[in-house]
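Numbering (this note's numbering), first residue to last: 153 to 259.
For reference, the structure discussed in these notes is given below.
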């Protein structure tokens, strides 16, 4: 039972790490895509239009960066919650081991 709890804790930790990394990668990909799109649009328009486009692109990039920050913050919060849960499970496992050891020494 203790081994199972420890395995579940380990799996939860690994899953949290995967989710955080996936969120980071998604945020990075979104930001990179926004930058590429901004560069493409900048190259295709005249200078007078470029000023208007530049503002739109800056807004788009700011929004993409804000979205990326939100994704990273959400991933961080998920990781913290999963780590807290894992610590709780680990504490439970330690308590079970402690009780099992005490139970054997008092018998």
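Heads up, the beta-carbon is just placed ideally off N, CA and C, and yes, glycines get one too.
- request: For residue 223, collect the residues of the same chain with a Cβ closer than 7 Å to its Cβ; drop the 5 residues on either side in sequence, then sort them by chain order.
  value: The residue you call residue 223 lines up with position 71 of the chain shown. For residue 223, where only same-chain residues beyond five positions count, the Cβ hits under 7 Å are 175, 178 and 179.
- prompt: Do you know how far the Cα of residue 245 is from the Cα of residue 251?
  reply: Stepping through the chain shown from its first residue, residue 251 is reached at position 99. Stepping through the chain shown from its first residue, residue 245 is reached at position 93. Straight-line spacing of the CA atoms in residue 251 and residue 245 works out to 10 Å.
message: Counting C-beta neighbours from all protein chains within 10 Å, is the total for residue 161 16 or more, i.e. buried, or is it exposed?
response: Taking the chain shown and counting its residues from 1, the one referred to as residue 161 is at position 9. With 16 or more other Cβ atoms within 10 Å, it is buried.
- prompt: Do residue 227 and residue 172 have their C-beta atoms closer together than 8 Å?
  reply: Indexing the chain shown from 1 puts residue 227 at position 75. Indexing the chain shown from 1 puts residue 172 at position 20. Yes, these two residues count as a Cβ contact at 8 Å.
message: My output table needs one value for residue 234: the three-state DSSP class, helix, strand or coil.
response: On the chain shown, residue 234 is found 82 positions in, with the first residue counted as 1. The answer is helix: DSSP assigns residue 234 an H, G or I state.
message: Is it buried or exposed, residue 218, if we count other Cβ atoms within 10 angstroms and call 16 or more buried?
response: For this step, residue 218 is matched to residue 66 along the chain shown. Flag for residue 218 reads exposed.
- prompt: When you compare each of 189, 181, 243 and 231 to residue 168 by their alpha carbons, which one comes out closest?
  reply: Within the chain shown, residue 168 is the residue found at index 16, counting from 1. It is 231 whose Cα lies nearest to the Cα of residue 168.
- request: Have a look at residue 215 and residue 186 and give me their C-alpha separation to the nearest angstrom.
  value: Working through the chain shown from its first residue, we reach residue 215 at position 63. Working through the chain shown from its first residue, we reach residue 186 at position 34. Rounded to the nearest angstrom, the two C-alpha atoms are 10 Å apart.
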